[in-house]
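Reading through the structure tokens given below for one structure.
Chains as they are written, first to last, in this note's numbering: chain A, 1 to 409; chain B, 410 to 818.
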């Protein structure tokens, strides 16, 4: 894409009303725009990153059998009353059907999570044990009335989430799939380029524990104890160890750190199938309750976390798997980059072509701020070659056009 | 995809609480599920159709230079107050920030359209005439408190829409792009397989006319006068001709019909740039107001309209360009279709493989109801061949596996 046709600019200064480094950088570099606290627009570059994260997540979930659906934002009040969460769920947005300012009693909720929709939906589609297991997921905007929406897209009032729901005949089958998901999540975050700790956390009434996928970061609201050697990791909320204790699994040294949760997996058991009478007929003909699990990944939050842990004093450093473009082609004289841009595009390389009338310094600053993995510079000085540099790296090489295309495609 | 892993069923009977044939069929065939009046879940088959429509629309809009963004659902009240539409826009959902039942004054709106977001956003990104024209669009869920939400996804309270906004230095440039969009829309709807009438309709304060893309259908809420020979078409709201009049353009016969609007293009002029002081510095250094246009396509409504006009007494008949799958492979004996399914999938053909333990009659009924373009039947009777039939057609042919792959890939 030509940068002159991106329509969105970078800013000289980071915004003053944001605390998180990810929000500062994403706004300054033109990936997102703040509409109000906890509510953001995703601009062309930001939406490209989000779509890449979504597609990695989608592929990982389809691989274990998930089928995609799209549930609504508007939820009937009665469903939430049935599960007791109309009053229990403290950050639920509830609103009135009339559309007036004068305080009509609320009849709807904005989807904060979707057990209240998917359980009655499956009630129509599951009748016998032959219909189980069932795995349905969506990638959808969610709403929570967060009192602490001060961290940009790390904690939004409106945010994008992948939520998968699984339905099983037995607790053993749920348990088995839970382990499958643990592995699927590991692979997903590895592809995204995030190092995660699979962390024990509280599990609700059905199961003692759930698991959170935590990324170590100062901006995180969770506190995690983890072992430097083995895979031991526990959220402060459930752990029995203290700062300085040795690892209860392997005896090695443990550390404590702030962390941000990017995903979680949770055994719901029969809590929601009881509320909506979601049963199946077993092989013997007997009606039994369905066992459920739910599995979330914060898509927009993940985008924020990547920036939070991958940046320097000049800007963002995107991992290649989720970068908005693979290469940033900068011409220092009008038209010099046109031919290579055409050849790279034809070879299927995603390239942002800086064809704007700006000074070299302005272009280099923008490239560092935006953080595309490979920077290519063409000028009178590079003659028939191209200067290539990895974002975050130091070495600069002069390579022929053919060599560039070979390396990047 | 194996039909046994679709997780969603068809129903023996159409729902009794729907009036529109599209809603009846889409629910019975397992494409959508009704959550409440005007609010639906898109199930795996339905979401596949919607994604195909979205992609055709996306390609058409990118072709004329549109760049995709994603604006939020939650809108600050102050933006809507600034344009006067907080009170003027009668189907706007307004709600309170507190999330309580006790009638706190509303501070937010749910996005019903996005001029109130994009205009101030562009205010940060447009400064000089060099920044114009600018074309930004999104595919996003919209919310309108429709009192007449009785037509399934033809008129939802929550629905998916593509909305493009254009920004110009002069009314002439807006006019030029308006004509470009008229042609782009024609091509988009042609690819989708919908015959549309480009219909003159009322245009607001800036322009006398806007244009609606109307599909003739009994379930439509609009009344359209159109010529049987030339391209004359006018919405009843603005036309001066009466039933039986001859065409004012070519003198031929006109007809009147109910119709459903699937898209519209609209010159906004300076109405919103005035409200948000969206100006640019001209070549002479003078500050001038930006001219705007907006261009909508109802994505979920388009899905409903296709079914409304393309069905028979057995079910839906999808055009190939938006069908959830290209072929529906039915085996009448367990395992008979497995090899062909594998070969078709490998050849890149999207195929739904009915591997379920049901009677031939049940499978055929489902295939007709779901409406995938090509039905393939493998049974002991077809031996090493396959029966192929076009949905909505009559002729059945026996073709070899190789022949099937050649025809469909």
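Quick reminder that beta carbons are idealized off the backbone N, C-alpha and C, glycines included.
**Message:** Can you find the residues in the same chain that come closer than 7 Å, C-beta to C-beta, to residue 627(B), ignoring five residues on each side of it along the sequence?
**Reply:** If you number the second chain from 1, residue 627(B) lands on position 218. Same-chain partners within the cutoff: 667.
**Request:** Flag residue 65(A) as yes if its beta-carbon sits less than 8 Å from any beta-carbon of chain B, otherwise no.
**Result:** By 1-based counting over the first chain, the position of residue 65(A) is 65. Judged by the 8 Å Cβ criterion, residue 65(A) is in contact with chain B.
**Message:** Taking 8 Å as the threshold (C-beta atoms), are residue 309(A) and residue 316(A) in contact?
**Reply:** Here the question's residue 316(A) lines up with position 316 in the first chain. Here the question's residue 309(A) lines up with position 309 in the first chain. No. Outside cutoff.
**Item:** Inter-residue CB distance, residue 29(A) and residue 299(A) (contact presumed, cutoff 8 Å)
**Value:** If you number the first chain from 1, residue 29(A) lands on position 29. If you number the first chain from 1, residue 299(A) lands on position 299. The Cβ separation is near 19 Å, so there is no contact.
**Asked** Between residue 93(A) and the rest of its own chain, which residues show a CB-CB distance below 8 Å, the 5 nearest in sequence each way excluded?
**Response** Residue numbering aside, residue 93(A) sits at position 93 when the first chain is read from its first letter. The answer, listed in chain order, is 109, 110, 112, 143, 144 and 145.
**Request:** Classify residue 347(A) as helix, strand or coil using the three-state DSSP reduction.
**Result:** Locating residue 347(A) in the first chain gives position 347, counting from the first residue. The answer is coil: DSSP assigns residue 347(A) none of H, G, I, E or B.
**Any C-beta of chain A under 8 Å from that of residue 485(B)** = As a working note, residue 485(B) is residue 76 in the second chain. Chain A, which has a Cβ nearer than 8 Å to the Cβ of residue 485(B), makes this yes.
**Item:** Cβ neighbour criterion (16 or more within 10 Å) applied to residue 634(B)
**Value:** Within the second chain, numbered from 1, the residue matching residue 634(B) stands at position 225. Buried, since its Cβ has 16 or more Cβ neighbours within 10 Å.
**Inter-residue spacing [alpha-carbon to alpha-carbon] between residue 610(B) and residue 78(A)** = Taking the second chain and counting its residues from 1, the one referred to as residue 610(B) is at position 201. Taking the first chain and counting its residues from 1, the one referred to as residue 78(A) is at position 78. Looking at the two C-alpha atoms, the distance is approximately 41 Å.
**Prompt:** Using a Cβ-Cβ distance under 8 Å, would residue 292(A) count as near chain B?
**Reply:** In the first chain, counting from the first residue as 1, residue 292(A) sits at position 292. Output row for residue 292(A): interface = no.
**Request:** Mind checking the stretch 18 to 45 of chain A against chain B and listing, in chain order, the residues whose C-beta falls within less than 7 Å of any C-beta there?
**Result:** 33, 35, 36, 39, 40, 41, 42, 43 and 44
**Request:** List the whole-angstrom C-beta distance separating residue 571(B) from residue 441(B), where the pair is believed to meet the contact cut-off of C-beta under 8 Å.
**Result:** Mapped onto the second chain, residue 571(B) falls at position 162. Mapped onto the second chain, residue 441(B) falls at position 32. Incorrect: roughly 19 Å between the Cβ atoms, too far for contact.
**Spatial neighbours of residue 247(A) in its chain, beta-carbon cut-off 6 Å, leaving aside the 5 residues before and after** = Taking the first chain and counting its residues from 1, one reaches residue 247(A) at position 247. If we look at residue 247(A) and ignore the five residues flanking it on each side, its Cβ neighbours are 227, 232 and 254.
**Request:** Identify whether residue 99(A) lies in helix, strand or coil by the three-state DSSP scheme.
**Result:** Within the first chain, the letter at position 99 stands for residue 99(A). Note that residue 99(A) has pLDDT 44, beneath the 50 cutoff, so the model's placement of it is unreliable and the number below is only indicative. If DSSP states are grouped into helix, strand and coil, residue 99(A) belongs with coil.
**Asked** According to the neighbour-count rule (16 or more other Cβ atoms, all chains shown, within 10 Å of its Cβ), is residue 87(A) buried or exposed?
**Response** The sequence position of residue 87(A) within the first chain is 87, counting from 1. The residue is exposed, with fewer than 16 neighbouring Cβ atoms inside 10 Å.
**Item:** Sequence ranges, beta strand (DSSP E) only - wholly within the stretch 231 to 271 of chain A, length at least 3
**Value:** 233 to 235 and 254 to 269
**Request:** Give the DSSP bridge partners of residue 762(B), in chain order.
**Result:** On the second chain, position 353 is the one that residue 762(B) refers to. Residue 762(B) is bridged to 411(B) and 738(B).
**Item:** Bridge partners - residue 476(B), DSSP secondary structure assignment
**Value:** Translated into positions along the second chain, residue 476(B) becomes position 67. For residue 476(B), which the question treats as bridged, DSSP gives the partners 545(B).
**Asked** Using 8 Å as the threshold, is the stretch 57 to 68 of chain A in touch with the stretch 129 to 144 of chain A, meaning 3 or more CB pairs across them?
**Response** yes
**Message:** With a threshold of 6 Å on Cβ separation, who are the neighbours of residue 123(A) within its own chain once the five nearest residues in sequence on each side are excluded?
**Reply:** By one-based count along the first chain, residue 123(A) stands at place 123. These residues qualify, in order along the chain: 276 and 278.
**Message:** Which same chain residues end up closer than 8 Å to residue 510(B) when comparing Cβ atoms and leaving out the 5 residues on each side of it in sequence?
**Reply:** By 1-based counting over the second chain, the position of residue 510(B) is 101. Note that residue 510(B) has pLDDT 48, beneath the 50 cutoff, so the model's placement of it is unreliable and no number is given.
**Message:** Quick test of your reading: residue 480(B) and residue 535(B), contact by CB under 8 Å. State the CB separation rounded to the nearest angstrom.
**Reply:** Counting from one through the second chain, the residue named residue 480(B) turns up at place 71. Counting from one through the second chain, the residue named residue 535(B) turns up at place 126. Wrong, their Cβ atoms sit about 17 Å apart, outside the cutoff.
**Request:** Say whether chain A places a C-beta atom closer than 8 Å to the C-beta of residue 480(B).
**Result:** Position 71 of the second chain holds residue 480(B). For residue 480(B), the answer is yes, since a Cβ of chain A falls inside 8 Å of its Cβ.
**Message:** Using a 10 Å radius around the Cβ and a threshold of 16 neighbouring Cβ atoms, would you call residue 722(B) buried or exposed?
**Reply:** Along the second chain, one-based indexing puts residue 722(B) at 313. Classification for residue 722(B): exposed.
**Item:** Where residue 104(A) falls: helix, strand or coil (DSSP)
**Value:** Translated into the one-based positions of the first chain, residue 104(A) becomes position 104. No answer about residue 104(A) holds up, because its pLDDT of 45 lies below 50 and its placement is not dependable.
**Message:** Please list the terminal residues of the continuous beta strand (DSSP E) segment that includes residue 215(A).
**Reply:** The residue you call residue 215(A) lines up with position 215 of the first chain. 209 to 216 is the span of the beta strand (DSSP E), which, as asked, contains residue 215(A).
**Message:** Rounding to the nearest angstrom, what Cα-Cα distance links residue 608(B) and residue 120(A) in this structure?
**Reply:** Your numbering for residue 608(B) matches position 199 in the second chain. Your numbering for residue 120(A) matches position 120 in the first chain. Distance between the alpha carbons of residue 608(B) and residue 120(A) is about 42 Å.
**Message:** Against chain A, which members of the stretch 549 to 562 of chain B pass a CB distance test of less than 8 Å?
**Reply:** 550, 552 and 554
**Asked** Going by Cα to Cα distance, which pick from 499(B), 676(B), 649(B) and 615(B) is closest to residue 585(B)?
**Response** Numbered from its first residue, the second chain carries residue 585(B) at position 176. Nearest C-alpha to residue 585(B): 676(B).
**Asked** Taking buried to mean at least 16 other C-beta atoms within 10 Å of its own C-beta, is residue 235(A) buried or exposed?
**Response** Within the first chain, the letter at position 235 stands for residue 235(A). Answer is buried; the Cβ neighbour count reaches 16.
**Asked** So does the stretch 7 to 18 of chain A actually touch the stretch 335 to 349 of chain A, counting three or more Cβ pairs closer than 8 Å?
**Response** no
**Prompt:** Where does the unbroken alpha helix (DSSP H) through residue 585(B) begin, and where does it stop?
**Reply:** As a position in the second chain, residue 585(B) is number 176, starting the count at 1. Run containing residue 585(B): 580 to 601, per the alpha helix (DSSP H) assignment.
**Message:** If I measure Cβ to Cβ from residue 229(A) and keep anything under 8 Å in the same chain, skipping five residues before and after, which residues do I get?
**Reply:** Position 229 of the first chain, counting from 1, holds the residue named residue 229(A). Excluding positions up to five away in sequence, the list reads 247, 250, 252 and 253.
**Request:** Decide if residue 567(B) is buried, meaning its Cβ has at least 16 other Cβ atoms within 10 Å, or exposed.
**Result:** In the second chain, residue 567(B) corresponds to position 158, counting from 1. Flag for residue 567(B) reads buried.
**Request:** Reducing DSSP to helix, strand and coil, say where residue 364(A) ends up.
**Result:** Reading the first chain from its first residue, position 364 is the one you call residue 364(A). Helix, per DSSP.
**Item:** Residue nearest to residue 699(B) in terms of C-alpha spacing, selected from 575(B), 616(B) and 714(B)
**Value:** The count along the second chain starts at 1 and reaches residue 699(B) at position 290. Ranking the options by Cα distance to residue 699(B), first place goes to 575(B).
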